[in-house]
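Numbers 515 to 1056, taken from the numbering used here, label the letters of the sequence shown in order.
No residue lacks a Cβ here, since even glycine has one placed at the ideal position from N, Cα and C.
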Amino acid sequence: MATTSRSALLARLSDERFDVLIIGGGLMGAGIARDAAIRGLRVALVEQGDFASGASSKTSKITLNERMVWGSTPQYLREALREQSILSAIAPGIVKPANTLIPIYHGDSHQPWQLRAGLWYRDFVGHESSARAHRMLNAGRVSPLEPQLVVQGLKTSAMIQSYQVDDSRLCLANVMQAVSLGAVCCNYVQLGEIIKVSQRVCGGTVVDRLTGQSHEIQAKCVINATGAWTDEIRNLSDDNAPSHTSLVKRVHALVRRLSDHVIWFEAHRDRKPLFIAPWGKHSLIGAVESPFVGSIYALRVSTNEISYLLDEVNRIMPSEHLGEDDIVATFAGPCTQVNKKSTLKALPGNSYLDVDDHGLVSVLGGELTTFRASAQAVMDYVIQAHNGQTDPCISDEVSLMEDALPVALDYWKRVTKEIGPDALATLLTRYGVAATRVLQILERDMTLKKPICGHHDVMEAEIIYFIENEMACTITDVMARRTQIAWSACQGLDALPRIVSIFERYTGYSEEEITRQMEDFHRFAANSLAFHPLISNKIVDD
């Protein structure tokens, strides 16, 4: 099995020549890396931050969108519903079915007949997928399901099946499977320059942001999958590259638990779709979208955006009296809207391909639900353009919950007996067969089965697993992306002392580095509540 040691992977960047160099370790880049590695190509991927640290950890975490309810082209709808089924099959611990309630109220822009027609069309087009057919519900049938949902003015509602996704772990699962198949994927590695020979792109120079060490990567093809940073990378290849995208800010908030179902409804202020979704012990609400100009790194949720969300949620759940004090955390992610689509090659899932005069391949747009199909289409194009021969694409068949070499659990009977069946089930759900690596850590020291604090069921052994096997380099990597600890009532502050202790013991970081990482995490936690003036004033600017 290929090593997951970050230092060993870094050493390979300069030593090997690759078929594909992917810039960007978000969901799109990770999906492309996995697809290429499954086909047997030599793959390198570099990400300037942590994997999924950009928009890929700040999605709505549900697979539903407007076009899947109110109608779209048969091709898109069939694609989206098929991809939902594929993701739930290959990543069942990460992508989970969610019953979704869609109410129509007086004052909504859509009428009951339009909802019925849209969902009938969805069922007809997607009959080959595993999605269940919709059910129409009147007010009397809605109340027992969601008692807090106001029924006054409710014309009708429907129940459909969508999926909830742990977006960060989905991205990481793609990265780690690519690595297990021989790919070199490194986080905290930033592209400095694009290398050209005879005006053709053939690699790039990169810098390890943790050590300052430089590497020169040679590759037959370079793919730019950096999302909101796409134009920045395109300009490294061509100073005169025209912009094809504009940025949109997408806002979400985590609040106390409001519902048992996903509730997908229309905002009356601007007619845009919003949702309330159960997320562990809390509910996730969103998404507010607005054009954004400025530094991507300075994205924060504003007071006005919070007021908008609270007003709309309280309109359909007035008895909840949701207020700012109920907000656990917020996050804002940068999304790209693709312009001038006629000049680009269309890919599945509202994504597009641009190839400049020097051969740089850039992926623009894309969606959580259809990223796998988009990645497959990108690699199909690259292989055809380079007249290459590879193994067939089977990314829709290979489970993301397995290592390349699964290990039997029998060897750890004593360990599994001591941690109990519930804890073992949790580990298997989270990590699939890779849970055996957590069990190996427990075998060394059974005291590590303790939760890191009273608010979370994450074991101390899991933190070590993240450091040793998932390239977690910082405290924030663990809190916000390897786990959801940062998105809890204590924002991870109760767990912080124990996590710091583990980092001190297992990373070899200096006291100064640990202190810096603690400060970075405190800033991250405060930034999620920056809409509150008292908290915003305490945030230290980067």
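- Residue L788 holds the alpha-carbon nearest to the alpha-carbon of I576 among T943, L788, I1013.
- Annotated three-state conformation of K734 is strand, per DSSP.
- Out of L956, S913, M893, the CA that lies nearest to the CA of Q691 is found in S913.
- Here the alpha carbons of R592 and A631 stand approximately 16 Å from one another.
- The alpha-carbon of Q903 is positioned some 56 Å away from that of D825.
- From the listed residues V842, R596, K763, the smallest Cα separation to F806 is found for K763.
- Note: M673 is bridge-paired with L615, R649 in the DSSP secondary-structure output.
- One Cα belongs to F1038, the other to V609, and the distance between them is close to 26 Å.
- Under the 10 Å beta carbon count, W634 is surrounded by fewer than 16 other beta carbons and is classified as exposed.
- In the structure shown, N754 falls within a coil segment according to DSSP collapsed to helix, strand and coil.
- Non-local beta-carbon contacts of T997 in its own chain, meaning distances under 6 Å to residues more than five positions away in sequence, involve V972 in chain order.
- In the three-state reduction of the DSSP assignment, Y702 falls in the coil class.
- The beta carbons of H969 and D1008 sit closer together than 9 Å.
- Relative to K854, the option among P756, K931, A948, Q704 whose CA is nearest is P756.
- Here Y1023 carries a coil assignment [DSSP, helix/strand/coil].
- Note on the segment 967-991: whole alpha helix (DSSP H) runs with a minimum of 4 residues are 974-983, in chain order.
- When DSSP states are grouped into helix, strand and coil, K610 belongs to the strand group.
- By the neighbour-count criterion, in which a residue is buried when 16 or more other Cβ atoms sit within 10 angstroms of its Cβ, A547 is buried.
- In this structure, the alpha-carbon of Y619 lies about 4 Å from that of L668.
- Along the segment 569-606, the alpha helix (DSSP H) occurs as fully enclosed runs of 4 or more residues at 588-604, listed in sequence order.
- Residue range 859-861 is occupied by the beta strand (DSSP E) that includes A860, with no alpha helix (DSSP H) assigned at that position.
- Note on geometry: alpha-carbon atoms of R928 and W793 lie some 33 Å from one another.
- Rounded to whole angstroms, the gap between the alpha carbons of T850 and Q890 is 20 Å.
- Membership of E881 in any alpha helix (DSSP H) is not indicated, and neither H nor E is assigned to it by DSSP.
- Note on geometry: alpha-carbon atoms of A525 and V802 lie some 43 Å from one another.
- In this structure, K859 lies near Y895, with their beta-carbon atoms less than 9 Å apart.
- Within the same chain, Cβ atoms closer than 8 Å to the Cβ of N864 are found at Y590, V852, G879, G880, E881, T884, the five residues on either side in sequence being excluded.
- Between M831 and Q678, the beta carbon gap of about 19 Å keeps them out of contact (Cβ cut-off 8 Å).
- For K854, DSSP assigns no beta-bridge partner whatsoever.
- Between the C-alpha atoms of H641 and N613 there is a straight-line separation of about 18 Å.
- Spatial neighbours of F532 in its own chain (CB-CB distance under 6 Å, excluding positions within 5 residues in sequence) are listed in chain order as R556, A558, A733.
- The beta carbon of E819 is closer than 6 Å to those of V765, V802 in its chain, skipping five residues each way along the sequence.
- Listed in chain order, the non-local C-beta contacts of L823 below 8 Å within the same chain comprise V765, A767, L788, I799, G800, V802, local neighbours out to five positions each way being set aside.
- Contact between the segment 568-586 and the segment 717-737 is not established, with fewer than three Cβ pairs separated by less than 8 Å.
- The secondary-structure analysis by DSSP pairs P965 across a beta bridge with M973.
- Residue ranges of uninterrupted beta strand (DSSP E) with 3 or more members, entirely inside the segment 794-829 and ordered along the chain, are 796-805.
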